[in-house]
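The block underneath contains the structure these notes are about, expressed in structure tokens.
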Amino acid sequence: PWASVDPATGTTAAGGSTTVAVLFPGAFTQKPVVIVLPDEINSNSGAITCRVISVTTTSFTANCFVGSTNSAPEAIQWVALEPTGGTPLTIDGPTVQAGYAASNSATGTIAYPVPFTSAPSVVLASLYELNNAGATSVRVNYPVLNTGFPYLSHVCGSGNAASEEISWIAVD
1 PWASVDPATG TTAAGGSTTV AVLFPGAFTQ KPVVIVLPDE INSNSGAITC
51 RVISVTTTSF TANCFVGSTN SAPEAIQWVA LEPTGGTPLT IDGPTVQAGY
101 AASNSATGTI AYPVPFTSAP SVVLASLYEL NNAGATSVRV NYPVLNTGFP
151 YLSHVCGSGN AASEEISWIA VD
């Protein structure tokens, strides 16, 4: 799975659109975990959050916002990797786990399939919006533990934070 990650990272220009489609450099064997963030390096005035609205083994599409209003980012930063399940990856020292978790409410805790020996130093989370009508952002809350992390999904405007799936990557 990790070999698929190296080419599947990047910055993709938004081209003035609030919806950005990305084609992976190669195909994954299963739906990958995708983390996406807006990139406002030049103007610092566009989108402040993005959510993934579709994922296949060859591409993903993200929608970007300021509050509840669609807003075009200059570009998006993204990383994609296959879910690790019960087999964490070890790459030159760090251990990496990745997966999807259903968000049953606006707040909750996501458990890692395999506990880390100590709390991971990096935890990234991003929404995979299943119905394109719910939460617009998710954050990792304190405390991050070796067994999992708490999260908070946020809804701007109308929508249901519980209708989301959360993509996550943890690195010790």
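Under our numbering, think of the first position of the sequence shown as 1, with each following residue one higher. Built from N, CA and C at the ideal position, the CB exists for glycine as well.
Report buried or exposed for S121, applying the criterion of at least 16 other Cβ atoms within 10 angstroms of its Cβ. exposed
By how many angstroms is the C-alpha of P143 removed from the C-alpha of L81? Distance from the CA of L81 to the CA of P143, rounded to the nearest whole angstrom, comes to 25 Å.
Within 10 angstroms of the Cβ of G26, are there 16 or more other Cβ atoms? Answer buried if so, exposed if not. exposed
Does A21 pass the burial test, meaning 16 or more other C-beta atoms within 10 Å, or should it be called exposed? exposed
Taking just the CA atoms, how far does K31 sit from W168? Distance between W168 and K31, taken at the CA atoms: about 13 Å.
What residues are listed by DSSP as bridge partners for L124? I169
As assigned by DSSP and simplified to three states, the class of Q30: coil
Any idea which residues DSSP pairs L152 with across the strands? T107, R139
Using a Cβ-Cβ cutoff of less than 7 Å, which residues in the same chain neighbour V140 once the five nearest sequence positions on both sides are dropped? Shown here for V140: same chain residues with a beta carbon closer than 7 Å to its own, the five before and five after excluded, namely V123, A125, F149, Y151 in chain order.
If distances are taken between C-alpha atoms only, which option among A111, L89, L127, T90 comes closest to C181? With the chain represented from 1 up to 172, any question about residue 181 goes unanswered, as that position is not in the structure.
Residue closest to V138, alpha-carbon to alpha-carbon, out of S54, T95, Q97, I48: Residue I48 is the option with its Cα nearest to V138.
Does the separation of the CB atoms of T56 and D172 fall below 7 Å? no
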